[in-house]
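Trainee: What the sequence shown shows, in our numbering, is residues 11 to 78, in sequence order.
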Amino acid sequence: MVTASEAEGDFAGWLADVLCQVAARRGSTAALVSGRSGSWEAGLVLQLVQGTVGPADEYLDSYGDGAS
Numbered sequence: 011m012v013t014a015s016e017a018e019g020d021f022a023g024w025l026a027d028v029l030c031q032v033a034a035r036r037g038s039t040a041a042l043v044s045g046r047s048g049s050w051e052a053g054l055v056l057q058l059v060q061g062t063v064g065p066a067d068e069y070l071d072s073y074g075d076g077a078s
C-alpha cells in the first residue's frame, strides 16, 4: 500500500479499482463488508466501490478479470 501510494498518480482511483476487483471475485460489494456491515468504515467502503460499480453492482462484472 505504501509503495502504491508513492507510485500511483491517482491512488484513490487505484484503490477503488483494487476493491472493485476484490468485490467481483467475492461476488458483490456487500461481501467486502459482511463482517461489519453497519459500521461507518463499511459505509465508506461501500460508497467508494458502489460509486464505481453502481449501487446495484451493475458494472461489477467488468472487474471480474482483473488481478488484485
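The beta-carbon is built from N, C-alpha and C at its ideal position, and this holds for glycine as well. All of these numbers come straight from a predicted model, not from anything done at the bench.
Taking 8 Å as the cut-off, decide whether the C-beta atoms of Leu42 and Arg36 are in contact.
Mentor: Counted from its first residue, the sequence shown places residue 42 at position 32. Counted from its first residue, the sequence shown places residue 36 at position 26. Contact: yes.
Trainee: Could you give the DSSP three-state label for Thr13: helix, strand or coil?
Mentor: Numbered from 1 along the sequence shown, position 3 holds the residue referred to as residue 13. If DSSP states are grouped into helix, strand and coil, Thr13 belongs with the helices.
Trainee: How is Tyr73 classed by DSSP in three states: helix, strand or coil?
Mentor: As a first step, residue 73 must be located in the sequence shown, where it is residue number 63. In the structure shown, Tyr73 sits in a helix (DSSP, three-state: H, G or I).
Trainee: Return the CA-CA distance between Gly19 and Asp27, expressed in angstroms with no decimal places.
Mentor: Stepping through the sequence shown from its first residue, residue 19 is reached at position 9. Stepping through the sequence shown from its first residue, residue 27 is reached at position 17. Rounded to the nearest angstrom, the two C-alpha atoms are 14 Å apart.
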